[in-house]
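In my numbering, the protein residues as written are 1 to 252.
C-beta: ideal position from N, C-alpha, C; glycine also.
This report concerns only the one structure given below.
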DNA sequence: AAGCCAACCTGGACGC
DNA sequence: TGCGTCCAGGTTGGCT
């Protein structure tokens, strides 16, 4: 790593330019890892932890490329390559911590089993059995499963044919097990399609490519459109301050 | 003590 | 054209 520039430090957790410089300039990027929605880049004794919030994205560009609006952090590597954190709403996070204290970092320490590559069925069964909350809330609880956001929670529930407001503890175990499988299928499907880029065009990969999973969404953002299984009109409601989309006939 | 809700911030879509 | 309102992928802290 050759240089670090913080252009805007006021993110959810403020960027501390000095800890970035001290931690990564002159160090070599060794490992790349992910837990839930947190990205981790290991630089030996220091590790960078990133979260993209709702509107964040990374861009890998040559240093001379002009900065897009809301470019907050520039990480310049040898060989004229630069990684940029761009996040209009500034809900993201970009911190550097000593690697030995990485697991103590509060947001990471609280995470549950990784939804993508962990064995989630037992954890989801246990969490659902003990919670009277809507099953959608359990899916979004990062301390139960790490990595599921509102889009994929809605989609997994649609695939498993479970109503998002169904009290978690009222679901038969077999249905929760089916939900666990649906979570896996939705996440792997979304990754295979390159992610979900909605009409506002917020998400793109580091090369700037939009994802194609939006066309496969069964319910999210489809209020009033017909359910592809039964033709009923997809409904939208708000619960706990978040939109939920579901088919009123298929999902019970 | 679990769970709801506002707050954080900006941009885009929409209605008038 | 312009202004006001509403909405959005997430997380946290305060309140009940």
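For the segment 7–43, the full-length alpha helix (DSSP H) segments reaching 4 residues or more read 17–24 along the chain. Residue state for residue 114 is assigned as strand, using DSSP reduced to three classes. The criterion of a C-beta distance shorter than 8 angstroms is satisfied by residue 1 and residue 27. Per DSSP, residue 183 is one residue of the alpha helix (DSSP H) stretching across 173–192. Considering only 21, 115, 31, the residue with the shortest C-alpha distance to residue 74 is 21.
Nearest C-alpha to residue 149 among 136, 166, 178: 136.
Listed as beta-bridge partners of residue 217 by DSSP are no residues whatsoever. Residue range 93–98 is occupied by the beta strand (DSSP E) that includes residue 97. Residue 47 is bridged by DSSP to 42, 97. Residue 165 and residue 153 do not touch by the CB rule: their CB atoms are close to 12 angstroms apart, not below 8 angstroms.
The beta carbon of residue 248 is closer than 7 angstroms to those of 232, 235 in its chain, skipping five residues each way along the sequence. The segment 84–98 makes contact with the segment 3–16, as at least three CB pairs between them are under 8 angstroms. Counting of Cβ neighbours within 10 angstroms places residue 230 among the exposed residues, the total staying below 16. Closest in C-alpha terms to residue 151, from the list 225, 200, 214, comes 214.
Residue 146 has 114 as its beta-bridge partners, per DSSP. Excluding five sequence positions before and after residue 39, the CB atoms of its chain that fall closer than 6 angstroms to its own CB belong to 50, given in chain order. A Cβ-Cβ contact shorter than 8 angstroms links residue 168 with residue 128. Shown here, residue 71 sits in a strand according to DSSP, grouped into three states.
The Cβ neighbour count for residue 84, taken over all protein chains shown within 10 Å, is at least 16; the residue is labelled buried. Within its own chain, the residues whose Cβ lies closer than 6 angstroms to the Cβ of residue 52, once the five positions on either side in sequence are excluded, are 92, listed in chain order.
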